[in-house]
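J.: Please see the structure below; I have some questions.
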Amino acid sequence: MAMADRLAGAVSLREVSRAFGLVPALSRASLEVSTGESILITGPNGAGKSTLLRIVATALFPTAGKGEVLGFDLMSEREAIRRRTELLGHRTRLYEDLTAIENLRFAAVINCVDPRGAPRVLEEVGLAHASREMVRGFSQGMRQRLALARAMLRRPELLLLDEPYAGLDREAKELVDGLVAVTQREGRTVLIVTHDAARARLADRAVVMRGGRLYAASSADVGEARSR
């Protein structure tokens, strides 16, 4: 099913909750995101931001509630969602015993993407010199760049960024900005969790999380991120 053939909504969550044991991480969170929209998600540590993204990416099951992602049911069509989304966060989900180029080619094959673009994106993220090196020898910064290259190669319909600027130098942060800009130009959807308030300029609108709930964000809410 082509992206243009689907309904306008990219993400629709209705009273989604998630608990870890007796500890609630999300509490009846609802969110509507249109296709092609860029959303900044901010809020204090422990508010449930990462949990929200992981549920959208199908890395976690919700404890309660319903939703659709890219027109697919969040519970029964999880594989279809995974093929069309990319979660870029603290866990890079790379294969330690593969080289950088092998990681990208493998990701391309399983996602039906042309693997011939792998050398180009490695060059774009500054890893061309390390293309034949095993990932287990990479620094954290290099791993983040390789995960970014995977996202660029896949060109997902929905890009989920969980604190993507953490631990990156200025050049690498600009690469993330560039990925967001390309995704926006191509009409794809972006959700960004970040404490970097300067990145609010990348988003169409912002929401704030507090205590596992979602609210429309004010300029003060976004501004508070500068002190975190």
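Counting in the working numbering, the sequence shown runs from 1 upward without gaps.
Note that CB positions come from ideal geometry on N, CA and C, so glycine has one too.
How about Leu104 and Leu160: do their beta carbons lie closer than 8 Å?
T.: It is not a contact, given that the beta carbons lie outside the stated cut-off.
J.: Thinking C-beta only, is Ala25 closer than 8 Å to Thr51?
T.: Result yes, Cβ atoms of Thr51 and Ala25 sit closer than 8 Å.
J.: Taking the runs of the alpha helix (DSSP H) that are 4 residues or longer, which of them lie wholly in the region 87-154?
T.: Correct list: 100-110, 118-124, 140-154.
J.: At what residues does the beta strand (DSSP E) containing Glu77 begin and finish?
T.: Element bounds for Glu77: n/a, residue is neither H nor E.
J.: Just to confirm before moving on: does the CB-CB distance between Leu158 and Arg199 stay below 8 Å?
T.: No, these two residues do not count as a Cβ contact at 8 Å.
J.: Enumerate in chain order the residues of its own chain whose CB-to-CB distance from Asp114 is below 7 Å, with the five nearest sequence positions on each side excluded.
T.: Correct list, in chain order: Ala108.
J.: Does Ile244 pass the burial test, meaning 16 or more other C-beta atoms within 10 Å, or should it be called exposed?
T.: Lying before the first or after the last residue shown, residue 244 is absent from the chain, which here runs from 1 to 228.
J.: With a Cβ-Cβ cutoff of 8 Å, do Val17 and Ser27 count as a contact?
T.: Reading off the sequence, residue 17 comes out as Ser, not Val. It is a contact, given that the beta carbons lie within the stated cut-off.
J.: Return the CA-CA distance between Arg54 and Leu60, expressed in angstroms with no decimal places.
T.: Rounded to whole angstroms, Arg54 to Leu60 spans 6 Å at the Cα level.
J.: To the nearest whole angstrom, what separates the beta carbons of Leu175 and Leu148, a pair I think is in contact under 8 Å?
T.: Correct: roughly 6 Å between the Cβ atoms.
J.: Would Met75 be called buried (16 or more neighbouring beta carbons within 10 Å of its own) or exposed?
T.: Met75 should be labelled exposed.
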